[in-house]
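Enquirer: Chains as they are written, first to last, in this note's numbering: chain E, 26 to 283; chain B, 61 to 330; chain W, 53 to 332.
Pasting a structure here, questions to come.
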Amino acid sequence: MSSTLYVERASPIHRLNPVTKLVALLCLLVVVFAIPQWWASLAVLLLVIVPAAISSGVAARLARSAGQLLLPILVVLVLVQGLTYPGGRTVLWQWGPLALTTEGLMFALTIGARLVCLVLASVLLVLTTHPGDLMSALTEQGMSPKFAYIISSTLQLIPSFQARATSILLAQQARGLTVPSNPLRRLGVLMPLLGPLVLGMFTDIEERSTAMEARGFGSTARRTTLVPVRDTRAQRVARWVIPVLALAAILVSLRWIG
Amino acid sequence: MTAVRFENVRFRHPGGVEALRGVSLTVAAGERVAIIGQNGAGKTTLVRHLNGILQPSSGRVLVGERPTAGRSISELAASVGYLFQNPDEQLFASSVRIDVEFGPRNLGCTPAEATARADEALAAVGLSAQAQSHPLHLSLSERKRVALAGVLAMRTAVVVLDEPTTGQDARGADLVAAVVETLAASGRTVIAITHDMDFAAEHFDRLIVMAAGEVTADGRPADVFGEAQVLERAAVEPPQLFRLAQRLGWPQRPTGVQQFVDAFAARAPR
Amino acid sequence: MIVLREVSYTYPEAADPALHGIELNLQPGSITGVVGASGAGKTTLAKVIAGFLPRVDGGELTGTVCVAGRNLAELSLVEAVGQVGLVIQNPFNQISGAKYTVREEIAFGMENLGTPRAEMAARVKQVAALLRISDLLDRSPYALSGGQMQLVAIASMLVLRTPVLVMDEPTSQLDPFGTRLVFAVLDQLQQAGTTVVIFEHKLELLQAHADRLLVLAGHTIVADGSPTEVLADERVDGWAIGSTRYTRAARLARGRGLLPVHGALPVSFEQAAATFGGAR
């Protein structure tokens with residue numbers, strides 16, 4: 026059972042400090058959403074995201090995961106905006122009240138390109154960054170360790186919840202419960218299990234909090250981490266330079282283009 | 061009559077580890093079989109084939125003389141009752157009684173019949189007084205006995221128990237032992253995994269030792285506990301009185317208190 | 053090292069105390085076993101000694117609990133847990149749930165206390181070797197079996213090197229090999245000066261490893277002495293703690309007139325060997 030989407034590779038993207046990646050992701054999103062032109066998103070996509078994805082060694086996995094997320098959204102976007110965009114004048118094709126307009130398509134392209142950047146870059150971060158490393162890195166940057174604990178344990182709770190649900194369902198079948206293959210009726214069988222499942226989790230969390238205290242969780246000492254978070258001077262500099270560059274790009278585009 | 065049969069069963073986990081490496085054995089109806097061995101030896105993997113939670117990668121498993129292949133877990137549940145190692149994976153209802161009635165109801169019992177069976181099973185595990193309690197308000201050892209009652213109430217021909225005495229105090233362990241004896245007396249087959257060698261020696265008539273996915277010994281407890289090398293490989297040691305008889309240099313191999321004292325009586329000049 | 057004076061504890065909203073009239077004085081560097089039927093108050097006593105009651109679960113505690121000469125009530129929880137380590141009964145709830153490898157899971161407590169990294173790494177390695185779980189260090193804590201999880205839970209407390217270690221049924225999920233290993237580790241801890249309190253049902257091992265055995269029954273301590281004394285006590289049946297097979301065999305042999313009826317019943321392997329070997 027894997028509790029993360031993280032894919033282990035020895036790539037330069039994997040080796041980056043998680044905070045560097047997070048800063049880069051946030052700056053990149055600010056840029057594509059601040060600059061209204063679709064080609065800005067395209068440039069970010071081709072000049073930053075695609076090279077990063079290729080060098081990460083998880084490009085295929087990224088394409089698959091992001092594709093599953095993006096495809097339905099993009100189809101809906103093109104259909105809805107392309108056909109019903111209120112400012113559409115240049116009609117390419119018409120059927121009754123529906124008109125496919127150039128303006129509509131351009132609008133869909135602008136929004137779509139931003140979404141592609143958003144999803145690809147975020148999924149790339151998730152695939153190349155172990156959540157444990159991300160939490161350690163953020164804690165080193167001053168985030169509260171309790172907050173980090175809540176995030177990490179919640180992320181892990183989901184797979185453990187699934188595992189527990191599977192075990193309970195197996196145990197029920199072992200006592201003669203027939204699980205229907207019809208998904209709706211299956212849901213009917215699963216629903217009654219939800220209450221005890223959640224209740225059991227709460228009991229566990231209560232006991233776990235005792236165990237956490239026994240391990241000094243309430244300590245106010247400055248925390249240390251077993252696994253060092255990789256960092257370099259270049260990255261420390263980059264974490265300041267990237268936001269500055271992003272800001273510059275936005276200002277330039279507003280001044281000269283907008 | 062054969063209760064269950066494993067024919068050269070191999071099982072490989074999706075991860076790639078081969079947990080069972082060719083197990084063949086037959087258990088006759090009414091036998092009491094204890095399976096011992098280290099954690100990770102494949103004991104739980106083996107018995108999970110009996111109710112179809114696992115299907116062999118190769119080989120066959122037969123329950124009631126029919127292969128388990130193609131039979132669902134819920135169908136096999138009518139023949140094989142299964143006590144899970146962790147009771148919290150088994151209990152789900154808001155009261156002990158409702159939980160114990162769950163199995164019989166699935167098997168088609170009328171509500172009255174299910175209630176009667178639940179009462180009997182709860183009495184057998186010493187929890188009649190807790191019938192109305194919420195399972196989460198009981199201790200872990202009590203929850204394990206509630207789970208055991210849930211299996212007993214199904215009255216299956218074969219009963220599989222995964223570490224039934226874990227965490228039990230003296231009274232709990234005695235209750236579990238009495239359950240095994242009662243099941244055997246009614247002609248049902250009991251297959252138990254256990255780390256408690258005294259329990260295995262005193263209440264089972266056949267012992268199977270597993271190590272690294274294979275059966276390394278299979279026979280009467282008195283014989284198996286004499287095989288020092290096999291036991292060492294499986295990292296288990298014989299029960300208390302068996303060791304004591306060995307130490308005293310007696311030829312007898314007592315597996316329980318009664319046999320030990322009988323052996324002593326045979327030696328003591330009156 | 054640990055002194056309890058007239059300690060009683062009642063859980064919130066409970067009518068009757070879960071423990072009452074507890075008097076206890078544990079010497080440093082000793083192993084104390086505690087036995088008792090389910091519901092006798094073992095887990096409650098473990099939490100009281102560790103300073104968790106009433107601090108965490110509420111309820112009312114009267115009397116005093118002193119560890120290393122200091123009153124637990126006057127210590128902060130963090131100071132208390134620096135003195136007393138607690139291994140809780142369910143190993144699945146001992147782990148933090150926030151770590152992705154066993155290595156980091158074991159280090160979690162040390163991270164909280166700000167232990168330097170090199171020392172953490174060394175201590176994790178040492179404790180893993182001690183409990184034979186070195187091969188699990190890079191696994192996910194969620195991918196462990198019950199027995200493996202229990203060893204990791206024990207390791208995660210041992211690594212903190214508290215002067216006192218309280219363990220609530222620490223071998224329940226272990227095979228005989230793992231169980232013997234844990235008791236062997238307790239012997240080592242004791243030699244290093246750690247005070248150990250272990251709540252267990254396995255009488256033969258307690259007899260062999262504990263310096264002292266306490267019996268809890270009816271929410272109070274009803275017997276306190278060397279394991280041999282306590283297990284041979286004639287009131288033992290009333291405490292519902294069971295008895296070793298050696299004792300049971302000797303009783304039956306006495307009943308059948310095969311052994312003289314005077315003197316203490318054998319409790320351990322060695323005593324039984326003397327009883328049954330010497331009688332001929």
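Idealized CB from N, CA, C, for every residue including glycine.
Quick caveat: nothing in here was measured; it's all calculated off a predicted structure.
#1: What is the residue span of the alpha helix (DSSP H) that Ser20 of chain B lies within?
#2: Does the separation of the CB atoms of Phe58 of chain E and Arg139 of chain E fall below 8 Å?
#3: DSSP three-state call for Ser90 of chain W: helix, strand or coil?
#4: Leaving out five residues before and five after Asp256 of chain B in sequence, what residues of the same chain have Cβ atoms less than 7 Å from its Cβ?
#5: In this structure, how does DSSP classify Asp285 of chain W when only helix, strand and coil are distinguished?
#6: Could you tell me if Gly210 of chain B is buried or exposed, where buried requires 16 or more neighbouring beta carbons within 10 angstroms of its beta carbon?
#7: Measure from the C-beta of Val284 of chain B to each C-beta in chain W and report whether the shortest distance is under 8 Å.
#8: Please tell me whether Ala244 of chain B and Gly90 of chain B are closer than 8 Å, where the distance is taken between their beta carbons.
#9: Any chance you could list the beta strand (DSSP E) runs of at least 3 consecutive residues sitting entirely within the region 234 to 304 of chain W, in chain order?
#10: Tell me which residue opens and which closes the beta strand (DSSP E) that Arg37 of chain B is part of.
#11: Say whether the region 183 to 201 of chain E touches the region 166 to 175 of chain E, bearing in mind that this needs 3 or more beta-carbon pairs closer than 8 Å, one atom from each stretch.
#12: Can you find at least 3 beta carbon pairs, one from the region 260 to 279 of chain W and one from the region 178 to 193 of chain W, that sit closer than 8 Å?
#13: Rounded to whole angstroms, what is the Cα-Cα separation between Gly88 of chain W and Arg213 of chain W?
#14: Please name the residues in the region 131 to 162 of chain B whose beta-carbon is closer than 9 Å to at least one beta-carbon of chain E, in chain order.
#15: Could you give the DSSP three-state label for Thr249 of chain B: helix, strand or coil?
#16: Would Val154 of chain W pass as a contact of Pro193 of chain W if the rule is Cβ separation under 8 Å?
#17: Does DSSP classify Phe144 of chain W as helix, strand or coil?
#18: The beta strand (DSSP E) that contains Ala271 of chain B, what's its start and end?
#19: Between Ile95 of chain B and Ile253 of chain B, is the Cβ-Cβ spacing less than 8 Å?
#20: Which residues, in chain order, does the region 292 to 320 of chain W contribute to contact with chain B at a C-beta distance below 7 Å?
#21: Counting contacts by CB-CB distance shorter than 8 Å, is Thr29 of chain E in contact with chain B?
#22: Our contact map puts Val218 of chain B next to Val185 of chain B with C-beta atoms below 8 Å; I'd like the distance itself, whole angstroms only.
#23: To the nearest angstrom, how far is it from the Cα of Arg300 of chain W to the Cα of Val288 of chain W?
#24: Count the other C-beta atoms from every protein chain shown that fall within 10 angstroms of the C-beta of Met270 of chain B, then say buried if there are 16 or more, exposed otherwise.
#25: By alpha-carbon positions, which one of B:Val220, B:Leu212, B:Arg205 and B:Gly247 ends up nearest to Gly227 of chain B?
#26: How big is the Cα-Cα spacing for Met26 of chain E and Gly198 of chain W?
#27: Using the Cα positions of Ala213 of chain B and Ala138 of chain B, report the straight-line distance between them to the nearest angstrom.
#28: With a cut-off of 8 Å, does the C-beta of Gly213 of chain E fall near any C-beta of chain B?
#29: Determine, using beta carbons only, whether Arg155 of chain W comes closer than 8 Å to chain B.
#30: What are the residues in the region 223 to 249 of chain E lying within 8 Å of chain W by C-beta distance?
#31: Give me whichever residues DSSP pairs with Ser118 of chain B in a beta bridge.
#32: Spatial neighbours of Arg233 of chain E within its chain, please: CB distance less than 6 Å, with the 5 preceding and 5 following residues excluded, ordered by chain position.
#33: Are the CB atoms of Val249 of chain W and Val218 of chain W within a distance shorter than 8 Å?
#34: Quick one: residues in its chain with C-beta nearer than 6 Å to the C-beta of Thr135 of chain E, no 5 flanking neighbours on either side, listed in chain order?
#35: Would you mind stating whether Thr29 of chain E and Pro156 of chain E have Cβ atoms separated by less than 8 Å?
#36: I'd like to know if Ile253 of chain B contacts chain E, where contact means its C-beta is closer than 8 Å to some C-beta of that chain.
Expert: Put simply:
#1: The structure shown does not extend to residue 20 of chain B, since chain B is modelled only from 61 to 330, so the question has no answer here.
#2: Residue mapping note: residue 58 of chain E aligns to position 33 of the first sequence, counting from 1. Residue mapping note: residue 139 of chain E aligns to position 114 of the first sequence, counting from 1. Yes. Within cutoff.
#3: The residue given as residue 90 of chain W occupies position 38 in the third sequence. Looking at Ser90 of chain W - three-state DSSP - the assignment turns out to be coil, as it is neither helix nor strand.
#4: Numbered from its first residue, the second sequence carries residue 256 of chain B at position 196. If we look at Asp256 of chain B and ignore the five residues flanking it on each side, its Cβ neighbours are Thr225.
#5: Stepping through the third sequence from its first residue, residue 285 of chain W is reached at position 233. Residue state, collapsed to three classes: coil.
#6: Here residue 210 of chain B refers to the residue found at position 150 when the second sequence is read from its first residue. Answer is buried; the Cβ neighbour count reaches 16.
#7: Start at 1 with the first residue of the second sequence, and residue 284 of chain B comes out as number 224. For Val284 of chain B, the answer is no, since every Cβ of chain W falls outside 8 Å of its Cβ.
#8: For this step, residue 244 of chain B is matched to residue 184 along the second sequence. For this step, residue 90 of chain B is matched to residue 30 along the second sequence. Contact: yes.
#9: 247 to 251, 264 to 269 and 272 to 277
#10: Given that chain B is displayed from residue 61 to residue 330, the structure contains no residue 37 of chain B and the question cannot be resolved.
#11: no
#12: no
#13: As a first step, residue 88 of chain W must be located in the third sequence, where it is residue number 36. As a first step, residue 213 of chain W must be located in the third sequence, where it is residue number 161. Computed Cα separation, rounded: 27 Å.
#14: Ser132, Ile133, Ser134, Glu135, Leu136, Ala137, Ala138, Val140, Gly141, Tyr142, Phe144, Asn146, Asp148, Glu149, Gln150, Leu151, Phe152, Ala153, Ser154 and Phe162
#15: Taking the second sequence and counting its residues from 1, one reaches residue 249 of chain B at position 189. Note: Thr249 of chain B maps to strand in three-state DSSP.
#16: One-based indexing of the third sequence puts residue 154 of chain W at position 102. One-based indexing of the third sequence puts residue 193 of chain W at position 141. Yes, these two residues count as a Cβ contact at 8 Å.
#17: By one-based count along the third sequence, residue 144 of chain W stands at place 92. Three-state DSSP puts Phe144 of chain W in a helix.
#18: Within the second sequence, residue 271 of chain B is the residue found at index 211, counting from 1. Ala271 of chain B -> beta strand (DSSP E) spans Arg266 to Ala271.
#19: To locate residue 95 of chain B, count along the second sequence from 1; it is residue 35. To locate residue 253 of chain B, count along the second sequence from 1; it is residue 193. It is a contact, given that the beta carbons lie within the stated cut-off.
#20: Ala292, Ile293, Gly294, Thr296, Arg297, Tyr298, Arg300, Ala301, Leu304, Ala305, Arg308 and Leu310
#21: Here residue 29 of chain E refers to the residue found at position 4 of the first sequence. It does not: the Cβ of Thr29 of chain E has no partner Cβ on chain B nearer than 8 Å.
#22: In the second sequence, residue 218 of chain B corresponds to position 158, counting from 1. In the second sequence, residue 185 of chain B corresponds to position 125, counting from 1. Rounded, the Cβ-Cβ distance is 19 Å, inconsistent with contact.
#23: Taking the third sequence and counting its residues from 1, the one referred to as residue 300 of chain W is at position 248. Taking the third sequence and counting its residues from 1, the one referred to as residue 288 of chain W is at position 236. C-alpha separation (whole angstroms): 12 Å.
#24: Locating residue 270 of chain B in the second sequence gives position 210, where the first residue counts as 1. By the 10 Å Cβ count, Met270 of chain B comes out buried.
#25: Within the second sequence, the letter at position 167 stands for residue 227 of chain B. Selected option, being the one with the closest Cα: B:Arg205.
#26: Here residue 26 of chain E refers to the residue found at position 1 when the first sequence is read from its first residue. Here residue 198 of chain W refers to the residue found at position 146 when the third sequence is read from its first residue. Its pLDDT being 40, under 50, Met26 of chain E is placed unreliably by the model, and the measurement read from it follows with that caveat. About 15 Å.
#27: Here residue 213 of chain B is taken as the residue at index 153 of the second sequence, counted from 1. Here residue 138 of chain B is taken as the residue at index 78 of the second sequence, counted from 1. Ala213 of chain B and Ala138 of chain B: Cα-Cα distance of roughly 11 Å.
#28: As a first step, residue 213 of chain E is located in the first sequence; it is residue number 188 there, counting from the start. Cβ-Cβ to chain B under 8 Å: no for Gly213 of chain E.
#29: Taking the first residue of the third sequence as 1, we reach residue 155 of chain W at position 103. For Arg155 of chain W, the answer is no, since every Cβ of chain B falls outside 8 Å of its Cβ.
#30: Asp229, Glu232, Arg233, Ser234, Thr235, Ala236, Met237, Glu238, Ala239, Arg240, Gly241, Phe242, Gly243, Ser244, Thr245, Ala246, Arg247, Arg248 and Thr249
#31: Position 58 of the second sequence, counted from the first residue, corresponds to residue 118 of chain B. Answer is B:Arg70, bridged to Ser118 of chain B.
#32: The count along the first sequence starts at 1 and reaches residue 233 of chain E at position 208. Excluding sequence neighbours, Arg233 of chain E sits near nothing in its chain.
#33: In the third sequence, counting from the first residue as 1, residue 218 of chain W sits at position 166. In the third sequence, counting from the first residue as 1, residue 249 of chain W sits at position 197. Yes; because the gap between Cβ atoms is below 8 Å, this pair is in contact.
#34: Residue numbering aside, residue 135 of chain E sits at position 110 when the first sequence is read from its first letter. Hits under 6 Å: Trp63.
#35: Locating residue 29 of chain E in the first sequence gives position 4, counting from the first residue. Locating residue 156 of chain E in the first sequence gives position 131, counting from the first residue. Yes; because the gap between Cβ atoms is below 8 Å, this pair is in contact.
#36: For the purposes of this step, residue 253 of chain B is identified with residue 193 of the second sequence, where counting begins at 1. No - not a single Cβ of chain E is within 8 Å of the one on Ile253 of chain B.
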